[in-house]
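Okay, so here's the structure we're looking at.
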Amino acid sequence: MESSIVRNGAVREGLEHACITESLLDRFLRTKPTSLLIRGPPGAGKTTLALELLKASNRAGYYISTRVSLKKIKEQFPWIADLLKDEYIVNSKDYNANGNDDGSIPVVDARLGSAKGVLERVLDFILMHGNSVIILDSWDAIAKEADKNERLKAEKSMVYMADANNGLLIFISEEPEENTVSYLVDGVITLDMEYRDGFRMRKMRFDKMRGVEVKHSIVPYTLKGSRFIPLPVGIYYSYPEHPRYFERIDAGEGFISTGSKDLDEALYGGLRKGSIILLERDQSVSKVYITHVLSSLVLNSLRSGIPTFTTPAPYVPLKSIMKYVKPFCKAEELNLYTVFTKNDEYDESINVCKLTNDAKFNVSQTCNLYMNAVSKHRCAVLTCDTSLVTVHYDLDDVLNGIKKVKASDGILLMISNKDSPLFNAVQSVADIHMKMWEENGVTMLRLVRPYNGVYVMLLESSIKGYPSYRLIEVV
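In numbering that gives the first Met the number 0, the protein residues as written are 0 to 474.
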C-alpha cells in the first residue's frame, strides 16, 4: 500500500475511518475495473473489504447475501447500516431493479434462491444501473448447484454485462485458488490470517490488479472496529519541518504517561509509578521507531517537570539524542535532563555525565544521581539501552539498582534483545514487557506483560511537529 500522506510521515487523525482511501485499492477503483474476486477462509474479512470498496466507490450498490440476513449485516457493520435499508428474497415479487432514489443499497437474501434466480437479478440490476457495484456474497454458495460449464457461462455473462455497462462485480469466495472466475476478473485479492500466541496476523495478497502497479504484493491489515484497514507498508520517516513543543499528556494519580495516548490506553492508564519496563527489540526494527518510543516518554516527562535520565547505546552520539529532544521542550525543562555517555561530547543545555569502562562505577554513579533527583522531585524517569552492552555488568549491581528505582516510585525503561547478557535478568523483574519487530514492512508492538494485544505503530511526527506515534490494534 502506498500513500502520499503516509510516505511523508503523516498519518491522518481517524485513520481507522479512512480505510480504503489513499491505498492501492483506491487506485484500483479509479481504473474502473469491471470485476474483482476476493477470496479467503471464513473470518478473514472478505465481506468487510467488499463493503468498504462499495462505500468508497460512491456508486449505486446491490448486495446479494447467501449467508446472513440484513439484520445481521447491520449489526456487524454499523458504519454502513444507514445505506442498507431494504431486503428482498431472490424470487420476491416486491423486488424492484430500479433500486432506491435515496441512494440506499438493496440487499437480496439469496439463502433460499437458485443460481438462475440470482443471475437474473444481477443482470437486471446491471442493465438498470450501468455505473454500479454488485457484491455476490458468496458466489460459491450461489454457483455450487450448477455444473462447471453452466457456472462458467454464468460468470462470463455477468462479467461481460458489467463490462458493457461500466459496472463492477465483486465475487466473494472461500474456494481454493483454482476456480473459474479467477481467470475472468480484473483483480484477485487473497485474504489470509495466521493465529499466533493469542492474536491473528492478517495479510492481504494482491494476486492480480489489472492496470495498477503493485509495489508491495503483501499488505497486512486489521479489522479494528469492523472496518477493513490496510496498514502502511514501506514508509520512511520525515523529521518535523516545523518543530514545536511536545504536547504534554497528564496521567492519572499514581501513573506517568508514556507520551502516547494510545500506549497509555493499552497499558490501562500509563506507567504505574515504581514500574520496570522491558522494551524487547528485534534486529528487524528500524531504530527510528525505538527512538520515538523513548523520546515520547522523555519529552512528556521533562514537560511534566520530572527529572529524566538517558543511557543510550554506546554507538549513539549525543547530538542524535538531542535531535529528538532539544527542539521540543523549553530551556528550563532541559535542565532536568541528564545523558550518560562514553563519548567526549557536551551540550550546555543539559547535564552530561561521562561513563567509564568500570561497570560497577557506572551503575553506582547512575543510582546516586537518580536518587538525588528523587529526593528533590519525588519521582524520576530512567531509560537505558542495553541491547549492545560493551562492558560486563554485575547482575547483582543491576538488580540492586532496579530495586532502588521501584522503591522510589520511579520509572525504569530498559531496551534490550535476547542476545544481551542482561535480558533474562531484566525480563524476570519487569512489570511491563513490550516487544517490537517488523513484518512485511510494518512495525509491530506487542504487549507481552500485561498481555493486551498487538498493535501496528505509525509515525505521525510530520503533522504533529514533534516525535509522535499512533498504535492501531491488530484484530
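Glycine included, C-beta positions come from ideal geometry on N, C-alpha and C.
**Study point:** Host beta strand (DSSP E) of G60 (start-end)
**Key:** Locating residue 60 in the sequence shown gives position 61, where the first residue counts as 1. From DSSP, the beta strand (DSSP E) with G60 extends over A59 to S64.
Review point. Can the beta-carbon of L167 be found less than 8 Å from the beta-carbon of S56?
Key: Position 168 of the sequence shown, counted from the start, is the residue given in the question as residue 167. Position 57 of the sequence shown, counted from the start, is the residue given in the question as residue 56. Yes, Cβ-Cβ distance for L167 and S56 is below 8 Å.
Practice item. Kindly list the residues whose CB is nearer than 7 Å to the CB of S348, restricted to its own chain and excluding five residues on each side of it in sequence; keep chain order. Key: As a first step, residue 348 must be located in the sequence shown, where it is residue number 349. Taken in chain order, the residues that qualify are K325, A330 and L333.
Check your understanding: In the segment 166–237, which residue ranges form an unbroken beta strand (DSSP E) of at least 3 residues, counting only runs that do not cross its ends?
Key -> 167–172, 186–195, 198–208 and 217–221
Point to revise | Contacts around A358, its chain only, beta-carbon distance under 8 Å, and the 5 residues preceding and following it disregarded | key: Counting from 1 along the sequence shown, the entry for residue 358 is found at position 359. Closer than 8 Å at Cβ, skipping near neighbours: V390, H391, Y392, D393 and D396.
Exercise for review: Confirm, please, whether the CB-CB distance from L412 to L278 is below 8 Å.
Suggested key: Sequence index remark: in the sequence shown, residue 278 carries index 279 (1-based). Sequence index remark: in the sequence shown, residue 412 carries index 413 (1-based). In this structure, the beta-carbon distance from L278 to L412 falls below 8 Å.
Point to revise | Contact test: V106 Cβ vs the ligand COA heavy atom, cutoff 7 Å | key: The ligand COA is not part of this structure, which contains no ligands at all.
Practice item. Starting from the Cα of G464, find the closest Cα among S237, D81 and C352 and give me that residue. Key: Mapped onto the sequence shown, residue 464 falls at position 465. Of S237, D81 and C352, the residue nearest in Cα terms is S237.
Point to revise | Test item: CB-CB of E144 and V180 under 8 Å | key: Taking the first residue of the sequence shown as 1, we reach residue 144 at position 145. Taking the first residue of the sequence shown as 1, we reach residue 180 at position 181. It is not a contact, given that the beta carbons lie outside the stated cut-off.
**Study point:** Candidates R150, T30 and D263: closest to F254 by CA position
**Key:** Position 255 of the sequence shown, counting from 1, holds the residue named residue 254. The option with the nearest alpha carbon to F254 is D263.
Point to revise | Rounded separation between E472 and Y194 - CA only | key: Here the question's residue 472 lines up with position 473 in the sequence shown. Here the question's residue 194 lines up with position 195 in the sequence shown. About 15 Å.
Review point. Is the segment 309–326 touching the segment 292–301 in the sense that three or more CB pairs, one from each, lie closer than 8 Å?
Key: yes
Check your understanding: Given a threshold of 16 other Cβ atoms within 10 Å of its Cβ, counted over all protein chains shown, does D384 qualify as buried or as exposed?
Key -> As a working note, residue 384 is residue 385 in the sequence shown. Classification for D384: buried.
Check your understanding: Which residue spans inside the segment 330–382 form an unbroken alpha helix (DSSP H) run of at least 4?
Key -> 330–333 and 358–376
Point to revise | Identity of the residues DSSP links to V455 by a beta bridge | key: Here the question's residue 455 lines up with position 456 in the sequence shown. Its beta-bridge partners are M443 and I471.
Check your understanding: Can at least three beta-carbon pairs, one atom from the segment 61–78 and one from the segment 197–210, be found at a separation below 8 Å?
Key -> no
Point to revise | Backbone secondary structure at D136 - three-state DSSP | key: Along the sequence shown, one-based indexing puts residue 136 at 137. D136 falls in the strand class under three-state DSSP.
Review point. If you count every other CB in all the chains shown that lies within 10 Å of the CB of L156, and 16 or more means buried, which is it?
Key: In the sequence shown, the residue the question calls residue 156 occupies position 157. The question names Leu, yet the displayed sequence has Ser at residue 156. When all chains shown are included, S156 counts as exposed.
Check your understanding: Three-state secondary structure (DSSP) at H291?
Key -> By one-based count along the sequence shown, residue 291 stands at place 292. It is helical.
Review point. Which stretch, first to last residue, makes up the alpha helix (DSSP H) that contains I462?
Key: Stepping through the sequence shown from its first residue, residue 462 is reached at position 463. Note, I462: alpha helix (DSSP H), S460 to K463.
Point to revise | Cutoff 6 Å; reference V362; Cβ partners in own chain excluding five residues on either side | key: In the sequence shown, the residue the question calls residue 362 occupies position 363. Excluding residues within five positions, the ones whose Cβ falls inside 6 Å are D396 and G400.
Review point. Should I276 and D430 be called a contact, given that it needs their Cβ atoms to be closer than 8 Å?
Key: Taking the sequence shown and counting its residues from 1, the one referred to as residue 276 is at position 277. Taking the sequence shown and counting its residues from 1, the one referred to as residue 430 is at position 431. Yes, they are a contact pair.
Check your understanding: Is it right to say S34 is buried, meaning 16 or more other beta carbons lie within 10 angstroms of its own, or is it exposed?
Key -> Counting from 1 along the sequence shown, the entry for residue 34 is found at position 35. Under this definition S34 is a buried residue.
Check your understanding: Is N367 buried or exposed, if buried means 16 or more other CB atoms sit within 10 Å of its CB?
Key -> Locating residue 367 in the sequence shown gives position 368, where the first residue counts as 1. Looking at its Cβ environment, which holds fewer than 16 other Cβ atoms inside 10 Å, N367 is exposed.
Point to revise | Integer Cβ distance of G251 from G268, believed to fall under 8 Å | key: Numbered from 1 along the sequence shown, position 252 holds the residue referred to as residue 251. Numbered from 1 along the sequence shown, position 269 holds the residue referred to as residue 268. About 5 Å; that satisfies the 8 Å criterion.
Check your understanding: Around the C-beta of V89, are 16 or more other C-beta atoms found within 10 angstroms, so that it is buried, or is it exposed?
Key -> Taking the first residue of the sequence shown as 1, we reach residue 89 at position 90. Because the pLDDT at V89 is just 44, under 50, the model does not fix this residue reliably, and the value given afterwards should be weighed accordingly. Counting Cβ neighbours within 10 Å, V89 comes out buried, since at least 16 surround it.
Check your understanding: On the three-state DSSP scale, how would you describe R150?
Key -> To locate residue 150, count along the sequence shown from 1; it is residue 151. In the structure shown, R150 sits in a helix (DSSP, three-state: H, G or I).
Check your understanding: With a cut-off of 8 Å, do at least 3 Cβ pairs link the segment 43–57 to the segment 182–191?
Key -> By the criterion of at least three beta-carbon pairs nearer than 8 Å, the segment 43–57 is in contact with the segment 182–191.
Check your understanding: Can you tell which of R226, I289, F245 and L52 has the C-alpha that lies nearest to the C-alpha of L457?
Key -> Here residue 457 refers to the residue found at position 458 of the sequence shown. Checking every option, the nearest Cα to that of L457 belongs to I289.
Exercise for review: Could you check the C-alpha separation between M200 and G44 for me, to the nearest Å?
Suggested key: Looking up residue 200 in the sequence shown gives position 201. Looking up residue 44 in the sequence shown gives position 45. Each residue's alpha carbon lies about 12 Å from the other.
**Study point:** Run of the beta strand (DSSP E) containing S274, from where it starts to where it stops
**Key:** Position 275 of the sequence shown, counting from 1, holds the residue named residue 274. First-last of the beta strand (DSSP E) with S274: S274 to R280.
**Study point:** Per DSSP, cross-strand counterpart(s) of D384
**Key:** On the sequence shown, residue 384 is found 385 positions in, with the first residue counted as 1. DSSP lists I414 as partners of D384.
Exercise for review: Look up E397 in the DSSP assignment and say whether it is helix, strand or coil.
Suggested key: Counting from one through the sequence shown, the residue named residue 397 turns up at place 398. Strictly speaking, residue 397 in this sequence is Val, with Glu absent from that position. Three-state result, V397: helix.
Review point. Helix, strand or coil: how does DSSP classify E240 here?
Key: Stepping through the sequence shown from its first residue, residue 240 is reached at position 241. Coil at E240, not helix or strand.
Check your understanding: Who does S283 pair with in a DSSP beta bridge?
Key -> By one-based count along the sequence shown, residue 283 stands at place 284. Per DSSP, none; premise fails for S283.
**Study point:** DSSP state of L266 mapped onto helix, strand, coil
**Key:** Your numbering for residue 266 matches position 267 in the sequence shown. L266 falls in the coil class under three-state DSSP.
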